[in-house]
Structures are given as structure tokens and as C-alpha cells.
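Novice:
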Amino acid sequence: MGLYAYSLTQMTMSSATVIGFTNPIFVLVLARIFLKEKVALPIWMATLLTCIGMALILRPTMYNSAALSCILATIIFASLDIINKKYIASEPILSMLFFSNLIASCCMLPAACYYWATPTLFELAFASILGISSNLILYFLLKALKQSDVASLAPMKYTEWLLSILLGYLFFQEWPTVSTCLGGAIIISSTCFIVYYQHRLKER
């Protein structure tokens, strides 16, 4: 989450959001490595198209630490999807929420102690909203995964891009470039094809 937050300080919200849409691609690669799932040739072709779309968004001028942080954050989120996929059927949702927060808190404790600055009431209120919202997001995501498959839920995520464009414009006066829109269209199309292809394979 920290890597993604850092990338937002250097990139537009719409660019960071659409890079996050490559998550299913990394899930496929990680599933092939760790879960030994077979990946068909059309899926790999769609993955290549997604990489082209991501290159259009980043452009040579954006290959910096912020862009790499955003990509690395997406890979980490994909790893979490693999873990969730493996344990959601057997573990209670509240248990997964508790241990994920406990481990994250323990990992960030040294940095928090080193860089500690007492927050104001205003900052504390926003931090509380952020913490509650993050846990609600994970709770509803796990709830959805428990009742449906990932393929059925994936297309719903793309409404996030429209919201990020709107909110980025309203609050930060950011507007996506032509290359961001073109790259986003390629990424969304490729990922939707992957979701559709996997769904058809399951029906056979």
C-alpha cells in the first residue's frame, strides 16, 4: 500500500489506477509459478498486449521510481490475490482480516517509531477513515470472492478507472493523456478477453 501511495505522489490518479488493472495478468503468471496452473497461448498473447498498453501509459519519460513502485505494488496485490484464493474457502474472513492487519502493523512498526510525528486531530480523523475504509474494502472483496469466482467479478473493477478520472479532475485538476486512454483501452480489452476466455474454459 505504501508503494502505491508513493506512486500517487508522482503520477496522475488515472495512470496509477489503470496500471493497477494489470493485476489479473500478474495473477496468471504467479498462479502458473506457485499453483502450477496451465496458461493457454491466447492468454499469453493477451498478456503481451497488456504490456504494450502499460508501456504506452508509462512512456519513456515516466520510467522512474514512481512508475516502478506502482508496478511493484500491483505485483504484491496479485500475490495477495493468490493467497486469498488459496485460503478463502477454509479460513473465516474476520480471521484473515485480523492477521493481515497484525502482520502489516508489525512490519511497519520500526518505520513508524523512527519517523514518528504526533498527528493532529484532523490528521488522526483522516487516518481513521483510511484504516476503516481499507478494512471494509478487503472485507467486501473477500466476501465477494467467497460467493463468486474471480472471473465474474473482474469486469466490475473497471468502473474504478472512470471514478479515478472524475475524482482526479475534481480534486487535483488531473486529466488523463491520450496515451493513458489508449493504453488503458488496450489493458482493459486484453484483461476482459482473459476473463472471458477463462470463463469459457470453465464451462467446457
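For the sequence shown, my numbering begins at 7 and goes up steadily by one. For every residue, glycine included, the Cβ atom is placed at its ideal position computed from N, Cα and C. Remember, it's a predicted structure, so these values are computed and weren't measured experimentally.
#1: Hey, would you say residue 170 sits closer than 7 Å to residue 19, going by beta carbons?
#2: Could you tell me the alpha carbon to alpha carbon distance between residue 132 and residue 207, rounded to whole angstroms?
#3: Once the 5 residues before and after residue 199 are set aside, which same chain residues still bring their CB inside 7 Å of it?
#4: Which two residues bound the contiguous alpha helix (DSSP H) that contains residue 19?
#5: Output the boundary residues of the alpha helix (DSSP H) element that contains residue 114.
#6: Taking the alpha carbon of residue 40 as the point to measure from, which residue in 117, 189, 89, 129 has its own alpha carbon closest?
#7: Which first and last residues belong to the alpha helix (DSSP H) in which residue 89 is found?
#8: Got a sec, what are the start and stop residues for the alpha helix (DSSP H) residue 11 sits in?
#9: Mapping DSSP to helix, strand and coil, what is residue 150?
#10: How about residue 113 and residue 13: do their beta carbons lie closer than 7 Å?
#11: Just checking my contact of residue 193 with residue 35 at CB under 8 Å: how many whole Å lie between their CB atoms?
#12: Taking C-alpha atoms, which residue in 108, 9, 118, 195 lies nearest to residue 57?
#13: Would you please verify whether the beta carbon of residue 37 is less than 7 Å from any beta carbon of chain C?
#14: How many angstroms separate the CA atom of residue 277 from the CA atom of residue 81?
#15: With 16 other CB atoms within 10 Å as the buried threshold, where does residue 217 fall?
#16: Specify the secondary structure class of residue 48 as computed by DSSP and reduced to three states.
#17: In terms of residue numbering, what span does the alpha helix (DSSP H) encompassing residue 123 cover?
#18: Quick check on residue 31: buried or exposed, where buried means 16 or more other Cβ atoms within 10 Å of its Cβ?
#19: Is residue 204 helix, strand or coil when you go by DSSP?
#20: Let me know the alpha helix (DSSP H) ranges lying completely inside the segment 165–198, each 4 residues or longer, listed in chain order.
Specialist: In short:
#1: Taking the sequence shown and counting its residues from 1, the one referred to as residue 170 is at position 164. Taking the sequence shown and counting its residues from 1, the one referred to as residue 19 is at position 13. At a Cβ-Cβ threshold of 7 Å, residue 170 and residue 19 count as neighbours.
#2: For the purposes of this step, residue 132 is taken as residue 126 along the sequence shown, with counting starting at 1. For the purposes of this step, residue 207 is taken as residue 201 along the sequence shown, with counting starting at 1. Residue 132 and residue 207 have their C-alpha atoms spaced approximately 45 Å apart.
#3: Counting from 1 along the sequence shown, the entry for residue 199 is found at position 193. Once the five neighbours on either side are set aside, the close Cβ partners of residue 199 are 52.
#4: In the sequence shown, the residue the question calls residue 19 occupies position 13. Taken as a continuous stretch (DSSP letters only), the alpha helix (DSSP H) holding residue 19 covers 19–26.
#5: Taking the sequence shown and counting its residues from 1, one reaches residue 114 at position 108. Where residue 114 is concerned, the enclosing alpha helix (DSSP H) stretches over 99–120.
#6: Looking up residue 40 in the sequence shown gives position 34. Cα-wise, what sits closest to residue 40 is 89.
#7: Numbered from its first residue, the sequence shown carries residue 89 at position 83. First-last of the alpha helix (DSSP H) with residue 89: 71–93.
#8: Here residue 11 refers to the residue found at position 5 when the sequence shown is read from its first residue. Boundaries of the alpha helix (DSSP H) around residue 11: 8–16.
#9: For the purposes of this step, residue 150 is taken as the residue at position 144 of the sequence shown. Looking at residue 150 - three-state DSSP - the assignment turns out to be helix.
#10: Translated into positions along the sequence shown, residue 113 becomes position 107. Translated into positions along the sequence shown, residue 13 becomes position 7. No.
#11: Your numbering for residue 193 matches position 187 in the sequence shown. Your numbering for residue 35 matches position 29 in the sequence shown. That belief does not hold up - the Cβ atoms of residue 193 and residue 35 are roughly 15 Å apart, past 8 Å.
#12: Mapped onto the sequence shown, residue 57 falls at position 51. Selected option, being the one with the closest Cα: 195.
#13: No chain C is present in this structure, which holds just one protein chain.
#14: For residue 277 there is no data in the structure shown, the boundaries of the chain being 7 and 210.
#15: Since the first residue of the chain shown is 7 and the last is 210, residue 217 is not available in this structure.
#16: Along the sequence shown, read from residue 1 onward, the residue named residue 48 stands at position 42. It is helical.
#17: What you label residue 123 is simply residue 117 of the sequence shown in a count that begins at 1. Neither: residue 123 is in no alpha helix (DSSP H) and is coded neither H nor E.
#18: As a first step, residue 31 is located in the sequence shown; it is residue number 25 there, counting from the start. Burial call: buried.
#19: For the purposes of this step, residue 204 is taken as the residue at position 198 of the sequence shown. In the structure shown, the three-state DSSP call for residue 204 is helix.
#20: 165–178
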